[in-house]
Amino acid sequence: MVQPAPTPLYRALRMSARLSLGLFYRHIEVTGLEHLEQLEHGVPTILASTHPNSIVDPLLVGLFEQRQVTFCARDGLFRVPVFGRLLRSVGAVPIRRRSDHADGVDNDDAFAACRAVLAQGGVISIFPEGKTHARMRVEPIRTGVARIAIDAERSAGPLDVHIVPVGLNYLVREAFRSDVHVAFGPPIRVPELLDPTADPQTLVRALTERVGESMRALAVHVEREEDERLIAQVTAIIVGIRDAEGLDGEGQSPAERTALARRVIDAYRWLEDHDPIRCARLRTRVMRYLDERRSLGIGGVQTALQGRRERRHGREDHSILGPIALLLGAPLAALGVATSILPFLIVRLLLLIGRPTTYRIALTKLLGGTVLFGGWFALLTWAALEAVGPGAAAFVGLMLMPLTVFTHRYLIDLRLYRFGLRKNLRRMVQRRRFARLRNERDRLTHELAQLRHAYLAQLPKPQPDPKPDPNPDPEPEPKQAQKSSGTSPSPNR
Numbered sequence: 001m002v003q004p005a006p007t008p009l010y011r012a013l014r015m016s017a018r019l020s021l022g023l024f025y026r027h028i029e030v031t032g033l034e035h036l037e038q039l040e041h042g043v044p045t046i047l048a049s050t051h052p053n054s055i056v057d058p059l060l061v062g063l064f065e066q067r068q069v070t071f072c073a074r075d076g077l078f079r080v081p082v083f084g085r086l087l088r089s090v091g092a093v094p095i096r097r098r099s100d101h102a103d104g105v106d107n108d109d110a111f112a113a114c115r116a117v118l119a120q121g122g123v124i125s126i127f128p129e130g131k132t133h134a135r136m137r138v139e140p141i142r143t144g145v146a147r148i149a150i151d152a153e154r155s156a157g158p159l160d161v162h163i164v165p166v167g168l169n170y171l172v173r174e175a176f177r178s179d180v181h182v183a184f185g186p187p188i189r190v191p192e193l194l195d196p197t198a199d200p201q202t203l204v205r206a207l208t209e210r211v212g213e214s215m216r217a218l219a220v221h222v223e224r225e226e227d228e229r230l231i232a233q234v235t236a237i238i239v240g241i242r243d244a245e246g247l248d249g250e251g252q253s254p255a256e257r258t259a260l261a262r263r264v265i266d267a268y269r270w271l272e273d274h275d276p277i278r279c280a281r282l283r284t285r286v287m288r289y290l291d292e293r294r295s296l297g298i299g300g301v302q303t304a305l306q307g308r309r310e311r312r313h314g315r316e317d318h319s320i321l322g323p324i325a326l327l328l329g330a331p332l333a334a335l336g337v338a339t340s341i342l343p344f345l346i347v348r349l350l351l352l353i354g355r356p357t358t359y360r361i362a363l364t365k366l367l368g369g370t371v372l373f374g375g376w377f378a379l380l381t382w383a384a385l386e387a388v389g390p391g392a393a394a395f396v397g398l399m400l401m402p403l404t405v406f407t408h409r410y411l412i413d414l415r416l417y418r419f420g421l422r423k424n425l426r427r428m429v430q431r432r433r434f435a436r437l438r439n440e441r442d443r444l445t446h447e448l449a450q451l452r453h454a455y456l457a458q459l460p461k462p463q464p465d466p467k468p469d470p471n472p473d474p475e476p477e478p479k480q481a482q483k484s485s486g487t488s489p490s491p492n493r
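Numbering follows the UniProt record's numbering, with no gaps: position 196 of the sequence shown is 196.
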């Protein structure tokens, strides 16, 4: 199979996406990349990804695959001016969804396009949930990914199609300078699941369920929407417990935080099964605690897995810049505000006029910010060149982005300082309510610490590696048995 090389346009767009995402997010951590790298030599690949953040998701997925990725997108996007033309220019495939077409759908052309890409050893990206959403879960998986894989394997095969599950975990979905964890899972080898005697619909259902299980294993998956705030708050409390025990001296990476959230979800299910009465009581207490925080104006609303202080300092650190440091940094921050206020206000205006849904806010900030800030900074650099000369233009061009990042961090610290002042003022006025809230958090922390130890204690202990045989067979293995097949067995099999 001939593996198509990425086009110059695709390379340029991927480079632009890497730059934009690197500026928007503080830390993009990828795990399981070895699963993708082992398939980069002409193996037909389908990337089946979760879809929590609109068009930001395909930008992230495309960063880590060296081959050109053919994205499957709903056909309505192809009718958007300029953007639709851009999708066609990079070979994206329009998919007609039943939810968008009451008169029925015909995706024969889309299946043929996907089949052609896979037959050439290419890569397809598809989002099997069929929609983007703001939930902390993986929505039910549609059958499209399974039907595309089976159709390609049987109609153009044998191709040895592999499906690589991808979990995208945004710790704070729409926040600038927040963290993201991109998780690639072990590939699903489609031919291994194709039973020639099985009913086609049975094969599609089985492969769809396999893909769904793999995707849920890579993402933060909360079954009930009403439990999302609960899981986020308990995760925050457990972070504090681990910090007090000295387990996270340098703070947690995005992958560690999503792993912790998944363990909290598993522990919640365990408690529901083993002691449902205690679980219900604890849940009620946590939700009342969150409602009280919200009524006092000190949080308890969002389902973020990362606090604002963590985004600023890298960990939950309550020591923020004092008034003297804020005063010293004010002139530089004022310069940063002056040089970036216009594109910032335009982005805010777009958000107010367009009123994007929660999961489209990050997209608006990312794309709008990239275009507007990039164009504005280029204009300021050109103005410095015309007014002073090349030296000044170089200085301005190199200074603008670091200055903007510093200003953003300064404003976060200023906001935190003001938040602390308001919180202290409310604490003085409503001393008893704050005291009760603090005592309740201490009691919750104590009980969650007990439950954490109980949950960890019941987990199966890892088995030690077997001791080497003190009397190994001195005879060497036959040469044929020593040859490697080129594929290492999975330790999870």
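All residues carry an ideal CB built from backbone N, CA and C; glycine is no exception.
With distances taken Cα to Cα, identify the nearest neighbour of residue i among the options.
i	options	result
residue 143	203, 118, 170	203
residue 376	343, 387, 267	343
residue 37	446, 267, 404, 66	66
residue 209	442, 190, 227	190
residue 179	55, 29, 110	29
residue 459	174, 263, 206	263
residue 157	93, 374, 129, 44	44
residue 181	89, 107, 206, 49	49
residue 168	115, 387, 31, 80	31
residue 345	369, 328, 97, 457	369
residue 282	403, 172, 230, 296	230
residue 517	74, 457, 56, 336	Limits of the chain in this structure are 1 at one end and 493 at the other, which puts residue 517 out of reach.
residue 295	433, 451, 284	433
residue 93	127, 41, 121, 64	127
residue 14	75, 426, 86	86
residue 515	75, 90, 173	Residue numbering for the chain in the displayed model covers 1 to 493; residue 515 lies beyond these limits and cannot be assessed.
residue 255	328, 306, 339	306
residue 130	205, 379, 52, 78	52
residue 419	269, 390, 299, 280	299
residue 47	379, 374, 211	211
residue 150	174, 192, 171	192
residue 73	215, 112, 125, 214	125
Which one or two residues does DSSP pair with residue i in a beta bridge?
i	result
residue 47	125, 164
residue 74	95
residue 410	BP columns for residue 410 are empty, so no partner.
residue 111	DSSP, once it has assigned bridges, lists no residue as partnering residue 111.
residue 29	181
residue 189	162
residue 53	Its beta-bridge partners do not exist; DSSP assigns none.
residue 69	123
residue 170	180
On the CB-based measure, 16 or more other CB atoms within 10 Å of its CB, does residue i come out buried or exposed?
i	result
residue 59	buried
residue 20	buried
residue 5	exposed
residue 195	exposed
residue 485	Model confidence at residue 485 stands at a pLDDT of 37, short of 50, so the residue's coordinates are unreliable and nothing is read from them.
residue 82	exposed
residue 8	exposed
residue 319	Low local confidence applies: a pLDDT of 43 at residue 319 is under 50, so the model's placement there is unreliable, and no value is given.
residue 429	exposed
residue 103	exposed
residue 354	exposed
residue 239	buried
residue 381	buried
residue 498	The chain is shown only over 1 to 493; residue 498 falls outside these bounds and no answer can be derived.
residue 80	exposed
residue 109	exposed
residue 16	exposed
residue 412	buried
residue 214	buried
residue 301	exposed
Compare the beta carbon distance of residue i and residue j with 8 Å and say whether it is the shorter of the two.
i	j	result
residue 69	residue 123	yes
residue 348	residue 437	no
residue 184	residue 408	no
residue 259	residue 455	no
residue 384	residue 396	yes
residue 134	residue 173	yes
residue 12	residue 138	no
residue 261	residue 235	yes
>> I'd like to know if the stretch 13-32 and the stretch 236-251 are in contact, where contact means that at least 3 CB-CB pairs between them fall below 8 Å.
In response: no
>> For the structure I just gave you, are there three or more beta carbon pairs, one from the stretch 283-297 and one from the stretch 439-449, closer than 8 Å?
In response: yes
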